[in-house]
Amino acid sequence: MSENFKNQGGVSSSEPSRLYRWLTSKLFMSRLASLRYQAKLRAKFERRRHSAGSPHIVEYFHQVDDGYSHLSAQLLSAISKRYDVTVVCHLVSASQDANAPEPQLLSDLARQDAIHIAPHYGLHFPHGNTQPPKALVDQAQAILARQTAQGFIDCLVEVSTALWNHDQTTLAALAERLGAASPEVTAARIQQGNAQRAVLGHYSGAMFYYGKEWYWGVDRLYHLEARLATLGVDKQPDAAPLAPRKAVEIGELKDNGSLTFEIYPSLRSPYTAIIFDRALKLAADSGVKLVVRPVLPMVMRGVPATRVKGAYIMTDCGREARASGVPFGPIYDPIGDPVRRCYAIYPWACEQGKGNALLSSFLRLAFAEGVNTNKLSGLQEVVEQAGLDWQMAKEQLADTRWEAMVEQNRLAMYEAGLWGVPSFRLLDKDGNQVMALWGQDRLWLFSREIQRLLKAG
1 MSENFKNQGG
11 VSSSEPSRLY
21 RWLTSKLFMS
31 RLASLRYQAK
41 LRAKFERRRH
51 SAGSPHIVEY
61 FHQVDDGYSH
71 LSAQLLSAIS
81 KRYDVTVVCH
91 LVSASQDANA
101 PEPQLLSDLA
111 RQDAIHIAPH
121 YGLHFPHGNT
131 QPPKALVDQA
141 QAILARQTAQ
151 GFIDCLVEVS
161 TALWNHDQTT
171 LAALAERLGA
181 ASPEVTAARI
191 QQGNAQRAVL
201 GHYSGAMFYY
211 GKEWYWGVDR
221 LYHLEARLAT
231 LGVDKQPDAA
241 PLAPRKAVEI
251 GELKDNGSLT
261 FEIYPSLRSP
271 YTAIIFDRAL
281 KLAADSGVKL
291 VVRPVLPMVM
301 RGVPATRVKG
311 AYIMTDCGRE
321 ARASGVPFGP
331 IYDPIGDPVR
341 RCYAIYPWAC
351 EQGKGNALLS
361 SFLRLAFAEG
371 VNTNKLSGLQ
381 EVVEQAGLDW
391 QMAKEQLADT
401 RWEAMVEQNR
411 LAMYEAGLWG
421 VPSFRLLDKD
431 GNQVMALWGQ
441 DRLWLFSREI
451 QRLLKAG
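Under the UniProt record's numbering, the first residue of the sequence shown is numbered 1, with each subsequent residue one higher.
Dropping the structure here:
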């Protein structure tokens, strides 16, 4: 196996001890994902806030050269007006650590993704699809670093729009009108924002924070809006949310298999676990040709993990699963041998016409029923619930065909500009890529794009 597939150890270990796997599964993953734990944290925070007489404070972390931050910026003023909250803005830079292992890919994907989703939220993103030059990024940061708390909110959209339009003239005029901080003051402001983000426990731009929880960009704003509404601080309780949750729309038209929908899942991905069956259903309901291309978990292919990132993912997956009506938790971490064994069985399962059923069964039992797939008895349950014979499946455990398969899939995923899981690709009738995006958040977008292509003929 490739050097990249070797165990990294520590938090990124793909070969945890039995005790560590149990502790991680029960006291970290399952706990963070649970509604009970979320409710407990929220109630405790509100008691302390009320006792201290503190206002409702929403902190926002803006990264000027991040496409997702540009979308969030366009809703910031509306949030401060709609909800009886104090919005505190922080200027931050991109993470330069293990929390962002593929910074260039993330930057490129953020732009492409923002272009696709902006119209569906009533927002705008320039279609040039190029990153702003450093000189303009520095100037935009300097302008924002010079502003008061309210001034930051008031000018943010104007500054961000000029930056993403690569409009040097407008930025210069804004600097003249609004002022600009020195490089030293700007750097200090960014350092303060980065430090506050780290203290609170995150690493990305476009993040909202309220009461011990993080909300990523426009995609997660509906969670924050719902929480604020329950606290009675929504000044327009009968109005629709500013950024409502997007639903998968099957549509009236059905394909005859001319379009191809590719899914890149991983067996240790919580996000894959909560979207895999729905992705299969979208393909079946819309009639597109389905191609499932499994890849190794990121940790098992050399991409480091951190506890901070893991904590956010589990909390976020719990919220997303509940919003989608998908079972999630208890969890028993399937990293390492469980993944390898299931993938060893997978080629044979595909020959039986049960490949997707095997993956679905594994994900459900590991992430929704807390079955220990590190035990052969747990793997047997996975196999049998997929409708396969365990005695025959056991004979496949020494099969190594899967190693070449998952590596080919990984290379194809990177070729499309993707790296995380789950990722999706939509190909037209000629096999040309129409859309390639990362994340369970985008299934709704693929459902709409399928219908658009079918209507276009």
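Where a beta carbon is used, it is the ideal one built from N, C-alpha and C, also for glycine.
Everything numeric in this text was worked out from a predicted model, so none of it was measured.
- Task: Identify which residue in R410, A118 and S77 has its Cα closest to the Cα of M300.
- Result: R410
- Per DSSP, what kind of secondary structure is H62 in: helix, strand or coil? strand
- Task: List the endpoints of the continuous alpha helix (DSSP H) containing H116.
- Result: P103 to I117
- Task: Mark V199 as exposed unless 16 or more other C-beta atoms lie within 10 angstroms of its C-beta, in which case mark it buried.
- Result: exposed
- Alpha carbon to alpha carbon, how far is V421 from G53? 43 angstroms
- Item | Secondary structure, alpha helix (DSSP H): runs of 4+ residues fully inside the stretch 299-340 | 307-324
- Taking only the alpha-carbon atoms, compute the straight-line gap between Q408 and I79 and give it to the nearest angstrom. 45 angstroms
- Task: For E253, count neighbouring Cβ atoms within 10 angstroms of its own Cβ and tell me buried if that reaches 16, exposed if not.
- Result: Contrary to the premise, residue 253 reads as Leu rather than Glu in this sequence. So L253 ends up on the exposed side.
- Where does the unbroken alpha helix (DSSP H) through V382 begin, and where does it stop? L376 to Q385
- Message: Going by C-alpha to C-alpha distance, which of D430, A180 and E158 sits closest to T170?
- Response: E158
- What do you reckon, are the CB atoms on A229 and A181 nearer than 8 angstroms? no
- Task: Could you check how far apart the C-beta atoms of L379 and P338 are, in whole angstroms? I think they sit under 8 angstroms.
- Result: 7 angstroms
- List the endpoints of the continuous beta strand (DSSP E) containing residue 458. Limits of the chain in this structure are 1 at one end and 457 at the other, which puts residue 458 out of reach.
- Message: Count Cβ pairs between the stretch 418-435 and the stretch 211-219 that sit closer than 8 angstroms; are there 3 or more?
- Response: no
- Item | Paired residues, beta bridge with T260 - DSSP | K289 and L427
- Is the distance from the Cβ of S93 to the Cβ of I190 below 8 angstroms? yes
- Item | Between the CA atoms of G211 and Y83 - distance to the nearest angstrom | 15 angstroms
- Query: Taking DSSP as the reference, what is the three-state secondary structure of residue 460?
  - Reply: Absent from the model: residue 460. The displayed extent of the chain is 1 to 457, so no value can be given.
- Message: Cutting at 8 angstroms between CB atoms, please list the residues of its own chain near A311, excluding the five before and the five after it.
- Response: F28, L32 and G201
- E225 - containing beta strand (DSSP E), residue span: Where E225 is concerned, there is no enclosing beta strand (DSSP E), although the alpha helix (DSSP H) it sits in stretches over G217 to T230.
- Shortest alpha-carbon distance to G251 belongs to which of L359, A226, G387 and Q451? Q451
- Query: Pairing CB atoms from the stretch 273-284 with CB atoms from the stretch 363-371, are three or more of them under 8 angstroms?
  - Reply: yes
- Message: Does V185 come out as helix, strand or coil in the three-state DSSP assignment?
- Response: helix
- Message: If I follow the unbroken alpha helix (DSSP H) through M392, where does it start and stop?
- Response: W390 to K394
- Message: Residues in the same chain with beta-carbon distance under 8 angstroms from G151, minus the five sequence neighbours each way, listed in chain order, please.
- Response: L178
- beta strand (DSSP E) containing Y209: first to last residue? M207 to Y210
- Query: Helix, strand or coil: how does DSSP classify W402 here?
  - Reply: helix
- Message: By alpha-carbon positions, which one of A98, N165, Q141 and I143 ends up nearest to T130?
- Response: N165
- Query: With 16 other CB atoms within 10 Å as the buried threshold, where does K455 fall?
  - Reply: exposed
- Find the nearest neighbour of I263 within the set V291, M392 and S377, judged by alpha-carbon distance. V291
- Item | Reference V434, options F261, E395 and A357, closest by Cα | F261
- Message: Looking at the secondary structure, which residues open and close the beta strand (DSSP E) in which V87 lies?
- Response: T86 to L91
- C-alpha gap between L106 and N194, whole angstroms: 18 angstroms
- Message: Tell me the rounded alpha-carbon separation between T24 and Q147.
- Response: 44 angstroms
- Task: Tell me, to the nearest whole angstrom, how far the beta carbon of L335 is from that of F367; I am working on the premise that it is less than 8 angstroms.
- Result: Looking at the sequence itself, residue 335 is Ile, so the reference to Leu does not match. Their Cβ separation, rounded to whole angstroms, is 12 angstroms, which puts I335 and F367 out of contact at 8 angstroms.
- Looking only at C-alpha atoms, which of P347, A357, M314 and D430 sits nearest to W402? P347
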